[in-house]
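Below is one structure; the comments refer to it alone.
There are 2 protein chains.
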Amino acid sequence: MVKVAVDAMGGDYAPKVVIEGVIEAIRRFDVFVYLVGPSDLLKAELAKRKKFDHSRVEIVHADEIVEMCEPPAAAIRKKRNSSINIGISLCKEGKADAFFSAGNTGAAVCGATLKLGLLEGIERPGIAIVLPNLVGVSLIIDAGANIDPKPMHLLQYGLMGSAYYEQILGKAKPSVGLLNVGEEESKGTEFMKEAYQLLEQSSVNFIGNVEGKDIFSGNCDVIVCDGFVGNVTLKVSESISETIAYFLRKELLSSIWGKLGYLLARPCFKRFKKQIDYSEYGGAPLLGVDGVVIIGHGRSNAKAVMNAIRFAKEEVERHINESITEQAKKLLVKA
Amino acid sequence: MVKVAVDAMGGDYAPKVVIEGVIEAIRRFDVFVYLVGPSDLLKAELAKRKKFDHSRVEIVHADEIVEMCEPPAAAIRKKRNSSINIGISLCKEGKADAFFSAGNTGAAVCGATLKLGLLEGIERPGIAIVLPNLVGVSLIIDAGANIDPKPMHLLQYGLMGSAYYEQILGKAKPSVGLLNVGEEESKGTEFMKEAYQLLEQSSVNFIGNVEGKDIFSGNCDVIVCDGFVGNVTLKVSESISETIAYFLRKELLSSIWGKLGYLLARPCFKRFKKQIDYSEYGGAPLLGVDGVVIIGHGRSNAKAVMNAIRFAKEEVERHINESITEQAKKLLVKA
Chain A
1 MVKVAVDAMG GDYAPKVVIE GVIEAIRRFD VFVYLVGPSD LLKAELAKRK KFDHSRVEIV
61 HADEIVEMCE PPAAAIRKKR NSSINIGISL CKEGKADAFF SAGNTGAAVC GATLKLGLLE
121 GIERPGIAIV LPNLVGVSLI IDAGANIDPK PMHLLQYGLM GSAYYEQILG KAKPSVGLLN
181 VGEEESKGTE FMKEAYQLLE QSSVNFIGNV EGKDIFSGNC DVIVCDGFVG NVTLKVSESI
241 SETIAYFLRK ELLSSIWGKL GYLLARPCFK RFKKQIDYSE YGGAPLLGVD GVVIIGHGRS
301 NAKAVMNAIR FAKEEVERHI NESITEQAKK LLVKA
Chain B
1 MVKVAVDAMG GDYAPKVVIE GVIEAIRRFD VFVYLVGPSD LLKAELAKRK KFDHSRVEIV
61 HADEIVEMCE PPAAAIRKKR NSSINIGISL CKEGKADAFF SAGNTGAAVC GATLKLGLLE
121 GIERPGIAIV LPNLVGVSLI IDAGANIDPK PMHLLQYGLM GSAYYEQILG KAKPSVGLLN
181 VGEEESKGTE FMKEAYQLLE QSSVNFIGNV EGKDIFSGNC DVIVCDGFVG NVTLKVSESI
241 SETIAYFLRK ELLSSIWGKL GYLLARPCFK RFKKQIDYSE YGGAPLLGVD GVVIIGHGRS
301 NAKAVMNAIR FAKEEVERHI NESITEQAKK LLVKA
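Chains as they are written, first to last, in full-length UniProt numbering: chain A, 1 to 335; chain B, 1 to 335.
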């Protein structure tokens, strides 16, 4: 059974929704969870819950918490007993197969990189985000692990994203594009041009530059970008979905016909909402570290936590890191 | 009467929709238009149109066209008789008060910068985009004029965006934020930290770092970013709006109740569509050049062209450039 260490104190609604998500996950999937955080608090929270299989959850005490706004490196160094540090240590010691946190992203990235180390051939980890598009899903890498990468790191993102798409999303030789301001090879900064050359010479199925519009059109499976652009893109996408939903709701509720129309078409709106709901996609894998680490959104709800645990289980079972290492070796041989 | 030179050959659907937009603009607003492009073609196109005031449109012959994918600087240098070059020359000569093109953005930026020059105190032009948010509109600058700026250019964008928001969108002392990966001062690359310091020391109403989510939340009026990030953000925003509309339509049309609900709530959907429709906002001003230049989306429809001409008229009438120059001088005195 796959064992997942979960940062019970990570996210805006921790530990309540994290525990709800964990209980739902052990109900639905064949997983064991180490719940990491202050044991008294977690015991009290678990005691409030309805019947669940107690043999599948173990509390691991951690008496420090990394706050959302703390500088990551300093927090990892100073708060040795934080839920993030102890959760990652469970992976390092081989007790857990994977770690999930919806807490301070930078701290999770920093802690995982320092404690677990990187895979052979990978110099920087990258956060991969799966987003729905018109025909399926796109994977964006990096969504913010590394905001000042070198062109070589973008090549490694392409390789890792490609391996992940193939193993987890089940498409052989997924297309890989470089997020740029235009499609022509000559577009973008010197940095982008260098990354383009590296990707073109690599073994991935590189289709050239793609634009912001291609993320949702489905023209490209794996979209490579630096962590700064990826992070902004992700936050813009979430924000605009919410804004559009708000405008639509406001208009529909502004008239009796709108309300009636809404009531009649309610199942359609529900299915629509499910399609654009980030929590369906759960957490984002931190690729490149020597272990399975899933990063959750700060606003993760119980469903997002449950889905993140499911993703962790799948990644472990499908040996995503072996696949990345193999691809990286091929690349090294080629270079 | 404000005179606008319009690149009749710019955009994916030129010259047809450009001419439609121009005719609608002269019907609605007190403007005169120089229609720039191959005169035979334009004469034939104008002849097809229904009655309009011929004294308000003058064809100016230009026999070359800059293609959408051409490298901008080379196109401006080589195609001296392009509709972009000739349109901008009309401004330079003082015949036209403003120039609008939905053609090759890079070429319009390059041509305007070379021919018209920059305002005192401004070192790089920036494209400003107005987007709807939950409480009003946000202005993003730069949306792609300059993809590799220096921190000082971001300061100048803040200043120009602030002046534009105040003059055209009518809010005194608009808030200015720096688009970053987190709100804390310590976030982002060295480049971002330098830009932060410059903005903080400036006369604009700087509120610090903002995130991708703030563009649509309405937390900030003017959002400053480099042209690479701004361009990606803009294209992502458009793309996700379309994707969401597609998902919603698909769901509503998938059942009889959905269709019925849609029919009942139709006026609501129409108002909703109007709110998120880019063409309502028309073109984007190129700020910093010594003239009024409006950049249109390649996919501009007639309404977008009409609205862009309206924006050009407003910019001319409200003396936006004088306001920018004044602000820039204050900044120079302060620095």
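Using N, Cα and C, we set each Cβ at its ideal position, and we do this for glycine too.
Is the Cβ of residue i closer than 8 Å to any Cβ of chain B?
i: Pro71 of chain A; result: yes
i: Asn104 of chain A; result: no
i: Ile240 of chain A; result: yes
i: Asn219 of chain A; result: no
i: Ala195 of chain A; result: no
i: Leu179 of chain A; result: yes
i: Arg299 of chain A; result: no
i: Thr113 of chain A; result: no
i: Leu118 of chain A; result: no
i: Lys329 of chain A; result: no
i: Gly136 of chain A; result: no
i: Ala335 of chain A; result: Because Ala335 of chain A carries a pLDDT of 48, less than 50, the predicted location of this residue cannot be relied on, and the following value inherits that uncertainty. False, the Cβ-Cβ gap to chain B never drops below 8 Å.
i: Asn209 of chain A; result: no
i: Ser255 of chain A; result: yes
i: residue 339 of chain A; result: The question about residue 339 of chain A has no answer here: the residues shown for chain A are numbered 1 through 335.
i: Phe52 of chain A; result: no
i: Val176 of chain A; result: no
Measure from the C-beta of residue i to each C-beta in chain A and report whether the shortest distance is under 8 Å.
i: Asp148 of chain B; result: yes
i: Leu287 of chain B; result: no
i: Leu252 of chain B; result: yes
i: Val236 of chain B; result: yes
i: Leu260 of chain B; result: yes
i: Tyr246 of chain B; result: yes
i: Arg124 of chain B; result: no
i: Cys110 of chain B; result: no
i: Glu184 of chain B; result: yes
i: Arg271 of chain B; result: yes
i: Thr325 of chain B; result: no
i: Leu154 of chain B; result: no
i: Phe216 of chain B; result: yes
i: Leu264 of chain B; result: yes
i: Val232 of chain B; result: yes
To the nearest angstrom, report how far apart residue i and residue j are at their CA atoms.
i: Gln327 of chain B; j: Leu159 of chain B; result: 7 Å
i: Val292 of chain B; j: Gly218 of chain A; result: 37 Å
i: Ser83 of chain A; j: Leu155 of chain A; result: 33 Å
i: Ala335 of chain B; j: Tyr196 of chain B; result: Residue confidence is low: Ala335 of chain B scores 48 on pLDDT, short of 50, so the model does not pin down where it sits. No coordinate-derived value is stated.
i: Ile19 of chain B; j: Tyr165 of chain B; result: 29 Å
i: Asn209 of chain A; j: Asn307 of chain A; result: 31 Å
i: Ile76 of chain A; j: Ile127 of chain A; result: 19 Å
i: Met9 of chain A; j: Ala302 of chain B; result: 53 Å
i: residue 336 of chain A; j: Lys171 of chain A; result: Not covered by the structure: residue 336 of chain A. The range shown for chain A is 1 to 335.
i: Phe269 of chain B; j: Leu263 of chain A; result: 14 Å
i: Val232 of chain A; j: Arg124 of chain A; result: 19 Å
i: Ser241 of chain A; j: Phe216 of chain B; result: 9 Å
i: Asp63 of chain A; j: Lys43 of chain A; result: 13 Å
i: Arg249 of chain A; j: Ala265 of chain A; result: 13 Å
Short check: CB of residue i to CB of residue j, under 8 Å?
i: Asp12 of chain B; j: Gly87 of chain B; result: no
i: Gly21 of chain B; j: Ala304 of chain B; result: yes
i: Val36 of chain B; j: Ala74 of chain B; result: no
i: Gly117 of chain B; j: Lys329 of chain B; result: no
i: Ala98 of chain B; j: Val2 of chain B; result: yes
i: Lys235 of chain A; j: Lys213 of chain B; result: yes
i: Ser138 of chain A; j: Cys225 of chain A; result: no
i: Pro151 of chain B; j: Leu198 of chain B; result: yes
i: Glu251 of chain A; j: Gly261 of chain A; result: no
i: Ile26 of chain B; j: Arg49 of chain B; result: no
i: Ala102 of chain A; j: Gly296 of chain A; result: yes
i: Glu179 of chain B; j: Ile223 of chain B; result: Per the sequence shown, the amino acid found at residue 179 of chain B is Leu instead of Glu. It is a contact, given that the beta carbons lie within the stated cut-off.
Any idea which residues DSSP pairs residue i with across the strands?
i: Pro132 of chain A; result: A:Val137
i: Pro285 of chain B; result: B:Ile294
i: Leu178 of chain B; result: B:Asn209, B:Val224
i: Leu118 of chain A; result: A:Val289
i: Ala5 of chain A; result: A:Tyr34, A:Phe99
i: Gly126 of chain B; result: B:Leu287
Against chain D, does residue i count as a neighbour if the rule is that its beta carbon must be under 8 Å from one of theirs?
i: Gly11 of chain A; result: Here the protein chains are A and B, and chain D is not one of them.
May I have a chain-ordered list of the beta strand (DSSP E) segments no shorter than 3 residues that lie completely inside the stretch 8-88 of chain A? 31-37, 57-61
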